[in-house]
Amino acid sequence: MSEVTIALAKGRMQNQTLELLSRSGIRCDEEALRSRRLSIEDTTGRIRFIFVKPADVPVYVEHGTADCGVCGADVLMESEADVLQPLDLNIACCTIAVAQPCARSDDAMKGKIDTVALRINEAGMLRVATKYPRIARKHFLEHGIPVEIIELSGSVELAPVLGLADCIVDLVETGRTLIENGLTITETIAASSGRFIVNRVSYHLKSGIIAELLDKLAASIVAADKSETESSHAENYK
Ligand code: PRP
């Protein structure tokens with residue numbers, strides 16, 4: 017019986033998370049990882065991993081079904097779950113941004129940032145398409161802009177292109193999806209990266225193993241930062 021359950025976000029963060037865990041000495045059997053099983057144990061049997069949709073990670077952790085979890089800060093900002101966030105894993109780094117169509121459709125490819133003037137609709141609102149309704153609403157309300165939030169679950173960049181919305185609030189990592197769909201960033205709302213989160217009760221009841229996990233992860237983050245700094249110095253002195 018495992019001592020601790022960790023919920024991992026499936027999808028874009030999954031490989032980076034498993035790689036970081038592996039560098040920290042926490043490994044799973046390759047065959048189990050290749051399988052479609054949604055719950056597997058590490059090679060020591062002390063840790064059970066469950067693989068869930070990113071937005072569900074804080075849900076499992078807040079309810080204590082999982083003691084810990086790994087998901088993006090974007091997901092945590094949106095969920096407002098009451099969980100502890102002891103460690104920034106420095107993986108899956110990206111930004112949450114407002115983006116809107118460029119004035120001419122090929123401008124984004126050329127790196128130009130002239131945008132179509134935002135239109136307020138007949139009801140006096142800006143139509144914003146997003147997977148992050150709370151973050152988007154809060155952002156525009158703070159700027160005194162009334163918004164109609166159009167909640168989508170993916171391919172958000174299509175919404176302004178097809179006239180469903182005036183702008184979007186979405187994650188930007190490389191920026192390629194924006195560029196290739198004729199959009200450009202007009203505002204950055206927040207930075208996001210992978211976070212290790214912990215259930216408040218588990219943090220006390222399972223303090224030993226959770227502290228051990230945090231120490232291992234923190235050590236490999238520091239080691240990765242150090243080797244990145246060293247290799248960028250080596251690049252600079254070539
Ligand atoms: C995310 C995000 C953007 C894209 C940004 O979507 O919502 O669409 O990645 O990445 P880029 O800046 O590197 O192009 P995801 O891949 O998670 O798929 P989704 O649109 O189905 O949510």
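Counting in my numbering, the sequence shown runs from 17 upward without gaps.
Just so you know, even glycine gets a beta-carbon here, dropped at the ideal spot from N, CA and C.
Since the model is a prediction, treat every value here as computed from it, not as a measurement.
heavy atom of the ligand PRP below 6 Å from residue i C-beta
i	result
D186	yes
T146	no
G191	yes
S55	no
R150	no
G170	yes
R28	yes
Identity of the residues DSSP links to residue i by a beta bridge
i	result
G88	G210
C109	C109 is not bridged to any residue.
Q116	T200
S55	I66
A23	I66, G85
R143	E164
D104	R211
D231	In DSSP, D231 forms no bridge with anything.
L187	I112
Chain-order list of residues whose beta-carbon lies under 8 Å from that of residue i (same chain, five-residue window excluded)
i	result
L230	P102, L103, F212
R62	S18, E19, V20, I225
A235	S40
S243	none
D175	In the sequence on display, residue 175 carries Ala and not Asp. The answer, listed in chain order, is A145, I166, L168, A181, I184.
G80	N215, V217, S218
V77	A23, D83, C84, G85, A97, V99, I213, V214, N215
L233	L36, L37, S40, L103, L105, F212
Residue i versus the options, residue with shortest Cα-Cα distance
i	options	result
S223	S171, T60, S209, L100	L100
P162	L168, G170, A152	A152
D54	P176, K69, R43, I165	The sequence given here places Leu at residue 54; Asp does not occur at that position. For the residues P176, K69, R43, I165, the minimum Cα distance to L54 belongs to K69.
I205	D98, F65, V114, F67	V114
I107	A240, S247, E47	A240
V238	F65, L105, H155, K154	L105
S95	R50, P74, G27, R43	P74
V71	G27, C109, S51, E196	For clarity, residue 71 is Ala in the given sequence; the question names Val instead. It is G27.
K147	L194, V91, N31, H159	V91
H155	E189, M93, R50	M93
Beta-carbon contacts of residue i that lie in its chain and below 6 Å, excluding the five residues immediately before and after
i	result
T33	L24, V86
P149	I165, E167
S218	D83
E57	S18, R64
Cβ shell of residue i (< 7 Å), same chain only, five flanking positions each side left out
i	result
A89	S208, S209, R211
E203	A113, V114
T59	R43, C44, D45
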